[in-house]
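Visitor:
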């Protein structure tokens, strides 16, 4: 690649927009052409994402400067579809790559490729439109893909997963009020979380006969970043076989790792990594899966997809320093 | 006292209203006659203050049942004055005691007694209208009253104090969003916090010649309950003299204690206590002061004032189990 | 009851000992005769449990003052048995009631009654030795007892439950280091938590044919107090039937409540309550259960048992102000 | 520079060692030759710093591989001096650069240059031995250097500053126990913190006649990373003059920025930045200063010093993605 990738962002004032900016401003092969925000047009980016003071002088724009090579859509669920309908020049431009972080195009009854590199890396490389996966969906799928790839999901799947507050976005709400959420824990959308659709779609794409229940209890946790999922199902695999399966499946994937030791959420915060831990108890195979919901669960994975589309090393600009604590 | 005290509450759906209810429903000598809330009339109290499920079947009312012996006003700053103007029957009722938790009547140019028992216990006992002190104001005054009482505040006073998120009330705001406030720290209203007025008023009432600056840096902390203040000023007192002064001043006050060891905020959370710690370094006399902003800093102190007015033991209903952790 | 209950405590310097003291010092019908601590003999209680400064002048003792009516054992797991062997005068005293908070006597192959009032209130009233339930065990059993009582547990049970850091006790450990645990989440002892024994024992006592797996994933949460469990199993009951079953089962139990609305952990912190929430999705019956691990999960329940043994109102001294936030 | 810088680290298993590794493994011009740890020799680095799983295969060594260009010492206070005495080959090697993160050489009565680039960039560039500043000392000095440079510190200085738990290091202690520290706040070493020495030394180096008191109240905060300091002193400067002074002083320094708006701690977490905010109230000039204690307050600044010594761009490897939340 001779020239830098020219990037446009819509919805740049929200959480995924901010995280995308945090990553892209230090990406060595990217030029940010515009960051669109209807609510913040004219304001400096660091006035909204205040941790970027000193890192960038970008200003939110009210229009779409051209030309760009790739458009990231960081608008709310439902708004991505509306945006593209209202601005047909983007979908009409066959040279333009589009990476949508909303859930609007994740069900593959359209021209968008589901952007989970550990599942569809080759298709992503050839794609022009990407539907970036959901955060819970990423953590959970990465714990199940190796089994599905060998048609080994033969029983019900039981999942508890906890998300940080950034998963709920920037808008003020009772369940994101500090006084309420601090030191608290709660369950929502039990068995009915919207990410179950894309999870099932991916499993069935690998294991077409899969027709088991996926029982998913989502939790709201008292932390800002991260998702931990515990996932178990009955399996005939020994622990050794299971670990070998996971090691093999992810051997060529630079961001997903199998830990020999038990894991904890903060190992991945502020990184694009997913770390998995495999345990066997009786006939239960347990997978623990951790990601940063804003990075691998959203904007980091979006950049990973961009790297793949443009033929860059998959990890370019994504070797992020973990926060650790 | 033969009959229980008949209590009415206005503004019962907010934080101080909720805390007042948590205390009063177990107070052995109180009957709650009504809990008024314009926004929640008809709802059960435990539907708003959900931790009271199982403790009370009270329902928020839209009107003011009579008769009552005491009215607690837990409405916002500015609204207490408006409420009393719009409902003149309360101020016109000379038999009715009124305890206002807002700041509307704290400047004593009116008929309200400033309800800090450690300063004005005898006046409170004889009062019919009480202006309950502010939370920062309570923590800071309790660290200074003994010195002021002996006319020993002779130099500038330097204060840093940090409040929990409940101090900002129930309304949603950027600075009370969990994602923002978690693990964060920030300064606001430096040198200009509105509680400086009532602090100065109290000091001058004890030490009329006091004319020094009170430099107060208020912080927002990443916890829900509590205030810790560090307060220092130059003093000729030895450590021993200072401790003796504080021990003597508070000897008859059941909620304010001097600790021989260094203190930490959680020692007082969920109690009506104030704990003080005294240190001397060179000519600097340092006072650390901790309270629970909703209890001793608001609703607990309001009940303490009620106890005093009605001739009860000051601690009745206020021997609260600390949360400790 | 004419005379107060005379109480002795061994292991008073630990977390459950401290919590027991927080409750008992304000219990209206108790005299604390001694608080034994080998490590802290001679120290004031408030020097260890520093939030009790101003509440008590008790001193840890190195010996066992007599006479007492009830002995609370707050020592570590394994140490309760050793203590009673080394001090045979306690077990030999038939007039003495013993309430053990460790797990040493919870398997009922001995003279101890398992002290879960919602399961064995009548036996507890007649007992002289009580094995107080574990914290996870309490939260989980209360979510299952109504079903077991009607022999309706017919399928596997799936549990995820998260405990606060106080569940791990006072000793310093890597997993209780603030830097590590803050904003973190982790799984431990998956499928193998020691409380599964007492849970199974109680279920089988109600539903003798129960032989299903209980799959329990315990989590360490980033908060100090509380346990939330999500528990589901297949059931033919409608939501209405399930709620009616739970309402009926707990109608006479003053601390366990069914919420019509979804719940969150902080509703019960610093109380002796358990709040349950029932949901039905497809054939899955979901129970959410919340307790304070140190109160209903340990010392509060121990006092509840004491109240029952001595014929007091079950709630005496246990109407605790929730911390709420 | 043609060859990468060859780096050796001693004390690599502690917090500053881990943070140094997090930064250096992605530094484009560094080869890590050895990471010494007496306690962890033979273990993989990611077994201790578990967030580095997938980022590095480095193994802790028990010996010092040669040759290296620079030695980072991340051992405890007092141990750096002992280490160099026990291993004289390091100090005897005139070609070797040494950067010590302990406080052992910060008082400049030795051959070590105090490594605060905003104060001594030119000396650092020419140095072979660097004493890296303390974390509180960095935050506080950066708020005062511009005034001292113009001899404008003419009155007492009043400081409250709060540190995260990582400032206390990895060892387990009562004040770093999660149960204790969560939601808590406490003061320690009031007026006596050891960093006052290096702060005074730097101020006097710029303003030799400075002889005022620096009153410093250090706080322990309930977060893992970061320091916020509020610093005020009397000043004749207008707000505009003060801001201009700070803007000018830091114009050429890439990591220290002046914010026009009020700031909060998380703006700098996981970055090497210091952000300052200037306010004027009456004759009080207030400076707020925020840094990440492990980055700009320790390991990030150490790498900044390395960059300067070896003639690299000062920001090389230090454009870190902020965690933001």
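Protein chains in written order, with the working numbering: chain H, 411 to 735; chain X, 411 to 735; chain W, 411 to 735; chain Y, 411 to 735.
Where is the CB? At the ideal position from N, CA and C, for every residue including glycine.
By the criterion of Cβ-Cβ separation under 8 Å, what are the contact partners of residue 508/Y in chain H?
Guide: Locating residue 508/Y in the fourth chain gives position 98, counting from the first residue. Neighbours of residue 508/Y on chain H: none; closest Cβ ~24 Å, over 8 Å.
Visitor: In chain X, which residues lie less than 7 Å from residue 634/W when you measure between Cβ atoms?
Guide: Residue numbering aside, residue 634/W sits at position 224 when the third chain is read from its first letter. Simply 735.
Visitor: Report the residue from 431/X, 625/X, 433/X and 470/X whose alpha carbon sits nearest the alpha carbon of residue 567/X.
Guide: Stepping through the second chain from its first residue, residue 567/X is reached at position 157. Per the Cα distances, 625/X.
Visitor: Going by other Cβ atoms of all chains shown within 10 Å of its Cβ, with 16 needed for buried, is residue 513/X buried or exposed?
Guide: Counting from 1 along the second chain, the entry for residue 513/X is found at position 103. Residue 513/X should be labelled buried.
Visitor: Closer than 6 Å by C-beta to residue 623/Y: which residues in its own chain qualify, once you throw out the five before and the five after it? Chain order, please.
Guide: Locating residue 623/Y in the fourth chain gives position 213, where the first residue counts as 1. Closer than 6 Å at Cβ, skipping near neighbours: 566.
Visitor: Within the same chain, show all residues whose beta-carbon is closer than 8 Å to that of residue 463/X, passing over the 5 residues directly before and after it, in chain order.
Guide: For this step, residue 463/X is matched to residue 53 along the second chain. Taken in chain order, the residues that qualify are 456.
Visitor: Would you decide whether residue 736/Y is buried or exposed? Buried here means 16 or more other CB atoms lie within 10 Å of its CB.
Guide: Because residue 736/Y is not part of the residues shown, which for chain Y are 411 to 735, the question remains open.
Visitor: Do the stretch 685–692 of chain H and the stretch 606–622 of chain W meet, that is, are 3 or more Cβ pairs less than 8 Å apart?
Guide: No: fewer than three Cβ pairs fall under 8 Å.
Visitor: What are the residues that DSSP puts in a beta bridge with residue 674/W?
Guide: Residue 674/W sits at position 264 when you count from the first residue of the third chain. Its beta-bridge partners are 596/H.
Visitor: Excluding five sequence neighbours on each side, which residues of the same chain lie with their C-beta closer than 7 Å to the C-beta of residue 704/X?
Guide: Position 294 of the second chain, counted from the start, is the residue given in the question as residue 704/X. So the qualifying residues of the chain are 425, 426, 429, 576 and 635.
Visitor: Does DSSP classify residue 519/X as helix, strand or coil?
Guide: Translated into the one-based positions of the second chain, residue 519/X becomes position 109. Here residue 519/X sits in coil by DSSP.
Visitor: Going along the chain, which residues of the stretch 638–670 of chain X sit with their C-beta nearer than 8 Å to a C-beta in chain Y?
Guide: Answer set for the stretch 638–670 of chain X: 638, 640 and 642.
Visitor: Just the Cα atoms here: how many angstroms apart are residue 573/X and residue 508/W?
Guide: Here residue 573/X corresponds to residue number 163 of the second chain, with the count starting at 1. Here residue 508/W corresponds to residue number 98 of the third chain, with the count starting at 1. C-alpha separation (whole angstroms): 43 Å.
Visitor: Please determine if the stretch 544–564 of chain Y and the stretch 640–656 of chain Y are in contact, where contact requires at least 3 C-beta pairs separated by less than 8 Å.
Guide: As far as the Cβ criterion goes, the stretch 544–564 of chain Y touches the stretch 640–656 of chain Y, which means the pair count is three or higher.
Visitor: Note down, in chain order, each residue of its chain lying with its Cβ closer than 6 Å to the Cβ of residue 469/Y, except the 5 sequence neighbours on either side.
Guide: On the fourth chain, position 59 is the one that residue 469/Y refers to. These residues qualify, in order along the chain: 454.
Visitor: Consider the Cβ of residue 631/X: report whether some Cβ of chain W lies at a distance smaller than 8 Å.
Guide: One-based indexing of the second chain puts residue 631/X at position 221. Not an interface residue.
Visitor: Which one of 420/H, 529/H and 523/H has the shortest CA to CA distance from residue 489/H?
Guide: Here the question's residue 489/H lines up with position 79 in the first chain. Cα-wise, what sits closest to residue 489/H is 420/H.
Visitor: Could you tell me if residue 667/W is buried or exposed, where buried requires 16 or more neighbouring beta carbons within 10 angstroms of its beta carbon?
Guide: Start at 1 with the first residue of the third chain, and residue 667/W comes out as number 257. By the neighbour-count rule (16 or more Cβ atoms within 10 Å), residue 667/W is buried.
Visitor: Quick one: is residue 648/Y buried, meaning 16 or more other Cβ sit within 10 Å of its Cβ, or exposed?
Guide: Numbered from 1 along the fourth chain, position 238 holds the residue referred to as residue 648/Y. Exposed, by the Cβ-count rule.
Visitor: Measure from the C-beta of residue 461/Y to each C-beta in chain X and report whether the shortest distance is under 8 Å.
Guide: Taking the first residue of the fourth chain as 1, we reach residue 461/Y at position 51. For residue 461/Y, the answer is no, since every Cβ of chain X falls outside 8 Å of its Cβ.
Visitor: What is the DSSP secondary structure of residue 435/H, reduced to helix, strand or coil?
Guide: Stepping through the first chain from its first residue, residue 435/H is reached at position 25. If DSSP states are grouped into helix, strand and coil, residue 435/H belongs with coil.
Visitor: If I measure Cβ to Cβ from residue 578/X and keep anything under 6 Å in the same chain, skipping five residues before and after, which residues do I get?
Guide: The residue labelled residue 578/X in the question sits at position 168 within the second chain. Once the five neighbours on either side are set aside, the close Cβ partners of residue 578/X are 586.
Visitor: Using a Cβ cut-off of 7 Å, pull out every chain X residue sitting near residue 570/Y, in sequence order please.
Guide: Residue numbering aside, residue 570/Y sits at position 160 when the fourth chain is read from its first letter. In chain order: 570, 627 and 640.
Visitor: Can you give the Cα-Cα distance for residue 594/X and residue 561/X, rounded to whole angstroms?
Guide: In the second chain, the residue the question calls residue 594/X occupies position 184. In the second chain, the residue the question calls residue 561/X occupies position 151. Rounded to the nearest angstrom, the two C-alpha atoms are 39 Å apart.
Visitor: Quick one: grab the DSSP three-state call for residue 441/X.
Guide: Residue 441/X sits at position 31 when you count from the first residue of the second chain. Note: residue 441/X maps to strand in three-state DSSP.
Visitor: From the DSSP secondary-structure annotation, give me the bridge partner or partners of residue 629/X.
Guide: The residue labelled residue 629/X in the question sits at position 219 within the second chain. Looking at the DSSP assignment, residue 629/X forms a beta bridge with 572/X and 597/X.
Visitor: Restricting to runs no shorter than 4 residues, where is the alpha helix (DSSP H) found entirely within the stretch 644–725 of chain Y?
Guide: Counting whole runs of 4 or more residues, the stretch 644–725 of chain Y contains the alpha helix (DSSP H) stretches 649–659 and 710–719.
Visitor: With 8 Å set as the bound, which would you pick, yes or no: does the beta-carbon of residue 606/W sit closer than that to a beta-carbon of chain H?
Guide: Indexing the third chain from 1 puts residue 606/W at position 196. Chain H, which has no Cβ nearer than 8 Å to the Cβ of residue 606/W, makes this no.
Visitor: For the stretch 584–598 of chain W, list every residue whose C-beta sits within 7 Å of some C-beta in chain Y, in sequence order.
Guide: Residues 586, 587, 588, 589, 591 and 592.
Visitor: Could you tell me how far apart the beta carbons of residue 700/H and residue 675/H are, in whole angstroms, since I believe they sit closer than 8 Å?
Guide: Along the first chain, read from residue 1 onward, the residue named residue 700/H stands at position 290. Along the first chain, read from residue 1 onward, the residue named residue 675/H stands at position 265. Indeed, because the Cβ distance is near 5 Å, the residues count as touching under 8 Å.
Visitor: List the residues of chain Y that residue 432/H touches, going by C-beta distances under 8 Å, in chain order.
Guide: Taking the first chain and counting its residues from 1, the one referred to as residue 432/H is at position 22. Chain Y residues near residue 432/H: 731, 732 and 734.
Visitor: Does residue 479/Y pass the burial test, meaning 16 or more other C-beta atoms within 10 Å, or should it be called exposed?
Guide: Locating residue 479/Y in the fourth chain gives position 69, where the first residue counts as 1. Flag for residue 479/Y reads buried.
Visitor: Got a sec: which bits of the stretch 688–707 of chain X sit with their beta carbon under 7 Å from any beta carbon on chain H, in order along the chain?
Guide: Taking 7 Å as the Cβ-Cβ cut-off against chain H, none of the residues of the stretch 688–707 of chain X qualify.
Visitor: Taking the DSSP output, what are the residues bridged to residue 507/W?
Guide: Within the third chain, the letter at position 97 stands for residue 507/W. Residue 507/W is bridged to 480/W.
Visitor: Looking at the structure shown, is residue 411/X part of a helix, part of a strand, or coil, going by DSSP?
Guide: Translated into positions along the second chain, residue 411/X becomes position 1. Caution is warranted here: a pLDDT of 49 is assigned to residue 411/X, below 50, making its placement in the model unreliable, and the coordinate value is therefore given only provisionally. Three-state result, residue 411/X: coil.
Visitor: Would the stretch 428–442 of chain Y and the stretch 725–732 of chain H be scored as touching if the rule is three or more Cβ pairs under 8 Å?
Guide: Result yes; three or more Cβ-Cβ pairs closer than 8 Å.
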